[in-house]
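One line per chain: the protein sequences are A, B, C and D, in this order.
Take the first sequence: its letter number 207 is residue 207 in the numbering used here, and every next letter is one higher.
Take the second sequence: its letter number 286 is residue 286 in the numbering used here, and every next letter is one higher.
Take the third sequence: its letter number 104 is residue 104 in the numbering used here, and every next letter is one higher.
Take the fourth sequence: its letter number 223 is residue 223 in the numbering used here, and every next letter is one higher.
So the structure is just underneath, and the comments pick up after that.
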Amino acid sequence: MEKKPVLSVKNLKTYFYTEDGIVKAVDGVDFDVYQGETLGIVGESGCGKSVTALSILRILDEKGRIVEGQVLLDGVDLTKIEEQDMRKIRGKDIAIIFQEPMVALNPVFTIGDQIMEAIMLHQKVDEKTARNMAVDLLRKVGIPEPEKRIDQYPHELSGGMRQRAMIAMALSCKPKVLIADEPTTALDVTIQAQIMELMKELQKEYGMAIMLITHDLGLIAENADRVVVMYAGKVVEYADVKTLFNDPKHPYTWGLLHAIPRLDIEQTRLYNIPGVVPDPLHFPPGCKFNPRCEFKEERCTREEPQLIEVGENHTVRCFFWQKVDEAKKRKVGEFV
Amino acid sequence: MSAILKVENLVKYFPIRAGVFKRVVAWIKAVDGVSFEINEGETVGLVGESGCGKTTIGMVLLRLYEPTSGRIIFDNEDTTYFFMPALRARSYIKRTYVDKFNALLKELGSKDAVVNALEGVDRRYAEMFFSEAKSSTGKFCSLLLSNMDEKRKQFRKNVQIVFQDPYSSLNPRLRIKSIVGEGPAVHKMVKGEKELINKVRSVLEDVGISGDYMYRFPHEFSGGQRQRIGIARALALSPKLVIADEAVSALDVSIRSQIINLMKDLQHEHKLTYLFISHDLSVIKYVSDRIIVMYLGKIVETAAKKDLFDNPSHPYTRALMSAIPIPNPNIKKERIILKGDVPSPVNPPSGCRFHTRCYMAQEICSKEEPQMREISPGHWVACHFAK
Amino acid sequence: MRVETRRTLRRLLRNPSAVLGFSLLIFFTLIAIFAPLICPPQSYDPYMIPIVTWDKTPQPPSEGHPFGIIDGRDIFYGVVWGTRTAFKVGLTVTLTSTLVGLVIGSIAGYFGGWLDEVLMRITDVFLSIPYILAAIVMTAFLGMGLDKVMISLIIFGWMATARLIRANILQAREEQYVLAAKALGVSDFWVITKHILPNTIFPVLIQATMRIGSLVITAAALSFLGLGAPVGYADWGALLNFARNWLLGASGEALRYWYAIVYPGTAMVLFVLAWNLVGDALRDAFDPRLRG
Amino acid sequence: MLTYIVRRLLLLPLILFGLSLIVFGMIQSLGPDRLLAAYVNPGVLDKLTPAQLEKIKQKYGLGDPMMIRYLKWLKNTLQGDLGWSLVGKQPVRDAILSRLPWTAELALYSIIPVVFVGVWLGVIAAVNRDKFLDHFVRIFAVVGWSFPDFVFGLIVLMVFYSILGWFPPGNLSLWADQVIKSPEFRRFTSLVTIDALLNGRFDVFVDALRHLVAPILTLSWLWWAYLLRITRSSMLEVLTKEYIRTARAKGLSERVVINKHARRNAMIPVVTVGGGMVIQLFAGTVIVEMVFNRTGMGSFTATAATQLDYASIMASTLFYSLILVLGNLVIDILYAVVDPRVRLG
């Protein structure tokens, strides 16, 4: 069955024009997000995953610019519409939650103020209705005593509660797409489990699509339906979650999966991806991963690979993806 | 195997000052009666969520914070009083040793009986007290307090730390050579500039950084490389115990495995003992031989790695394990979702500190504090219901 | 050259106001150095403006007296030698008071406790007298003269530095590299001098640069009030004091005495501007966080 | 919030105590002869009998140990006996009371344009960062900040008085001065502008205003520049904060983001740093009143300093310091009002 994506990103390129040069933070990213599904975007710091999110909403800082590509929401290209029309989409059709709720919430306004603001802006209701709606939302995201909490300032809440308030704010207009940018990174694991559970429940209830941006492969495995792996501003692998974890084809994905310490299996030694995450100002020529790749050949340093279809809904940006299969046979570490 | 570090009943409270006169209105009970041992050559993992006191333990062990009470024995020597002002040190020695020895003497009758009744450090100090110091408190104190500077230096040399943040842990205005060479220079381990350079070069190469980089500044390195430099700084003193406080938490996934592997290799080469502090149970599992789980200033469970993972016995340990996402979509595990937030360490819950969030709490839990019990050899749990 | 240094330098050179600031500063420095060549001194004290005529009424610029004459004295001479006065006052007061603030702030910040409390309350007391007023009062008590003005400005000029350095030290004390140094067994003294001060000194230097301008203004204001430099001393403020008296009595006689204000006034504004621009530029270059 | 204010209030006497020590110390440094002149009208000093002289010495504790002398001085000061003013040729207290309204009027009227224009320009500059307007405003600010108040004042005087003849120096024109001194003119507030309106003397009001414009312009110019700079950099910093991004992500218009979310936060440092500076504006009257030949606290202080009228100098110091300390208290409270983290923390 061919489903139609709610949001699809096509060949998105976002560059930052800094005084040191052009930073190609996002350099050709494609993916689709489907209703009721979770798309995981995973990568290390500086790979462009957060910039992708900000580009979709067009809230980049002044140095950043979308130079190419399309962001289609129900067929409308968001990169082309007027700023004032875009404003009607932000917070209403696409909402976002950030990593650090402490800094993402305005310290001088109460939680209630900040939630009601979004409600009143997009739903044209009076203050009293908005307040009632905000209380309901807070209750829904599991904040105890919402009538009291609504008049509190962010610094009076714990980290977990703040993130719940952030979620309440993001959900206030029942968005079609919720972008969660490292939503639990700043939280403790037991709180992280609560928040992820909450997001799953709310996704079921609202039927929205979630874009889960994280560096944590565990979160991806447990929550995502499809996964985009990013490296140095590009998508290097795109597949559904089981395929990706069971049968990774890109050397980077494969390396990452072997580099993380895991609870579910015994590991004798972690795989080393050598070298460092490249500096976005000085990306290597050819395949961006080539200096760290153990399968690289001469071609990789010259030519940039394109995304290749290697299976059903499974694309990889690598010339020599078959080599990874050989490596799997070598059994570096145990792998289920 | 012998214990290189023995911590007994360690307590660290921080005052909260408030009000008009900034009086102490409450105490943050960051660490509240913690005892454990670390054996030579092993890696002990200390795991817990933010606010459980794990970082405080590290800082207290290093004596960057003075302990509120408790005893820290390192390398068969009581080091608790090493960094106290003289008067406090004296009162500590009198309280901890002299009073105890005298009381025992009264009870047992003879000095030999007292000595024989004790073991370890206590026994050595008792012998010293009765023979060398001739039962005089003043003399005993002077004995223990002699050569204090030397002892402090020795302690500093033997216990080192690797910090979490690869950015703020290196002084941005110093070259790598000064950062790594500062320790050996302070401890006069090297003579002259040439030896120092050789030392720095060899330590840097140990951690996988070319010695040619020693004249660079920290900002010229990436996060992972900085962390290597931080490790080199600690290693340069050839310490016996290295405390790694969230040493890999701030690093990217691919860099993290490099550093973990490096630390394991270094442990082999240099016969190091690690106290590995982290909030990440998967990292702890990978690196540790023995694991201590903390919750709100207390140890709730401690066991050898295999025992802990085969048979997690404290409900908190189980919840923690189930909360960690597994990077394997084929496994659908039962998840324990804990209620609410971690309570404040200022007013920890009565009885068992975990009872407010525990899924198996009963009446007794809020009334009575569970004591550590050994449920199988080396596996200790502080829960009323652990079997 | 280090990447960072190069980037900083580039940032400085690309900023037109920084270039203007530095050029002005160089210009004034040259004038100060070559003052004896530009205007050869005619009495034993080169800082006293020679009296060229006994006629007190101001005279407009003429050959030999390009900036005119006021109170019988050559304005050009006063402006040129006044540059030296401005440098002397600005640099001496800034350096000394910064040093005082540095010591007091370091002690308060590093040792903390009651010492900190006492020092900070003393700072509060000194801050409770408005700066210009404190300078006026102190000078009145010490007696007039430029040296007395400088002493007053130093006595009431160290507090900002002390507070800044204290705040920075409190912050730096918790930095991991400071803790690491302590764990290595480095002594307190070395922790302060090697690890803490070098990391807090830049904001202090920038603050000091930015203060020079307002210090020169304050000193000149005292001279303007007749409390600073003695009559006839080569000081911009004192020159402007002459001008004020003539201006107040000159309603309707537009622009008659303009030269008495414009030349010393311009010198002063440009001098202060130079320091302010340089201070801004340094702040922008070294502390991008504060860029404004 | 309450403890915060109480703590501030409790520090107040401490600071005032320290201040009184400094002031007392300065007076004592004068030596007995000049000291006596600071207390008593020198004109009558010669005519006093030894017994009367002794009584005065007794009152001011001139022969007593330091401690007692300090206490006596403190007692006299608190009772309003501030000594004899040479400049005013009257007791210092009367001299100050008669001059205070003029200065108060000047300072109060100056604060309004400073705050509104300064903050407004700062926000505009920040929002239009690196555009023409921003550059223009910044140049204005840095040049303004480099202008010594007396130089600027002299230029204002030259342009608006010497050339245009609009705004004369002084407090009032001669005729207006006579009007307000006449018995029919009732003093309600001692502020001339307000009193003139209340008395229905619009001509006097206009005259007073004419004399106020130039000094107000001079006083505000400098602080505009300063407040503008603080507001701009504070605003720029706030605009990089993540909650601004959140606000934009909600779909709020740029106007709401700036005026609601950014400005409120940007005001926090402006209140503390900028507020402190606005109080210094009071001290700025010393120069400005001298430039424009106005009678008031400022010119009183400056004249006292040049004529070595110590009693008046000390009293003025106390007066200005009191303003500064109380003003800072107000700012602390304002700060708590703006920032809920302080208010509730």
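Heads up, the beta-carbon is just placed ideally off N, CA and C, and yes, glycines get one too.
Between residue 183 of chain A and residue 282 of chain B, the C-beta spacing is not below 8 Å. Residues of the same chain with a CB within less than 8 Å of the CB of residue 161 of chain D, apart from the 5 flanking positions on each side, are 167, 168, 169, 214 in chain order. The shortest C-alpha to C-alpha distance from residue 263 of chain B to any of B/274, B/254, B/182 is the one to B/274. Taking C-alpha positions only, residue 60 of chain B is separated from residue 83 of chain B by approximately 11 Å. When the Cα atoms are used, residue 297 of chain D and residue 164 of chain B turn out to be separated by approximately 59 Å. Non-local C-beta neighbours of residue 205 of chain B in its own chain, meaning closer than 6 Å and more than five positions away in sequence, comprise 211, ordered along the chain.
Three or more Cβ pairs closer than 8 Å define a contact, and the region 231-242 of chain D meets that threshold against the region 114-130 of chain D. Listed along chain B, the residues sitting closer than 8 Å to residue 183 of chain C by beta-carbon distance are 62, 64, 156, 159, 160, 161. The DSSP-derived three-state label of residue 303 of chain A is coil. DSSP, reduced to helix, strand and coil, places residue 269 of chain B within a helical segment of the structure shown. For residue 153 of chain A, the nearest beta carbon of chain D is closer than 8 Å to its own beta carbon. Considered as a whole, the region 73-148 of chain D harbours 92-127, 132-146 as its complete alpha helix (DSSP H) runs of no fewer than 4 residues, in chain order. Taking a contact to require three or more Cβ pairs closer than 8 Å, the region 318-330 of chain A and the region 292-300 of chain A qualify as touching. Residues of chain C with a Cβ closer than 7 Å to the Cβ of residue 150 of chain D are, in chain order, 221, 224, 240.
Buried is the label assigned to residue 280 of chain A, since at least 16 other Cβ atoms lie within 10 Å of its Cβ.
Interface annotation, residue 117 of chain A: in contact with chain D, CB-CB separation under 8 Å. Inter-residue distance for residue 308 of chain D and residue 130 of chain C is about 19 Å (C-alpha atoms, whole angstroms).
Judged by their CB atoms, residue 315 of chain B and residue 359 of chain B are nearer to each other than the 8 Å cut-off. Taking all protein chains in view, the Cβ of residue 354 of chain B is crowded by 16 or more other Cβ atoms within 10 Å, so the residue is classified as buried. For the region 208-224 of chain B, the set of positions with a beta-carbon nearer than 8 Å to some beta-carbon of chain C reads 217, 219, 220 in chain order.
For residue 141 of chain D, the CB contacts under 7 Å within the same chain, skipping 5 residues up- and downstream, are 225, 228, 229 in chain order.
As a beta-bridge residue in DSSP terms, residue 27 of chain B pairs with B/15.
In this structure residue 185 of chain A is in contact with residue 99 of chain A, their Cβ atoms being roughly 5 Å apart against a cut-off of 8 Å.
In chain order, 237, 240, 241 place their CB closer than 6 Å to the CB of residue 224 of chain C, counting only its own chain and leaving out the 5 sequence neighbours on each side. By the beta-carbon neighbour count (other beta carbons within 10 angstroms, threshold 16), residue 58 of chain D is exposed.
Contact annotation, residue 107 of chain D with residue 281 of chain D: C-beta distance approximately 6 Å; criterion of less than 8 Å satisfied. Flagged as an interface residue toward chain D: residue 273 of chain C, by a C-beta distance shorter than 8 Å. Residue 301 of chain B does not reach chain A, its nearest Cβ partner there being about 15 Å away, counting only Cβ pairs nearer than 8 Å.
Judged by their CB atoms, residue 269 of chain C and residue 182 of chain D are not nearer to each other than the 8 Å cut-off.
Taking a Cβ-Cβ cut-off of 8 Å, the neighbours of residue 320 of chain D in chain C comprise 129, 130, 133, given in sequence order. Secondary-structure assignment with DSSP links residue 244 of chain B through a beta bridge to B/162, B/276. For residue 6 of chain A, there is no enclosing beta strand (DSSP E), since its DSSP letter is neither H nor E. DSSP places residue 32 of chain A within a strand segment (E or B) once states are collapsed to three. If you draw a 10 Å sphere on the C-beta of residue 37 of chain A, you find 16 or more other C-beta atoms in it, and that means buried. Minimum Cα-Cα distance from residue 192 of chain C among the listed residues C/207, C/168, C/145, C/215 corresponds to C/168. With a threshold of 16 other beta carbon atoms within 10 Å, residue 136 of chain A falls short and is exposed.
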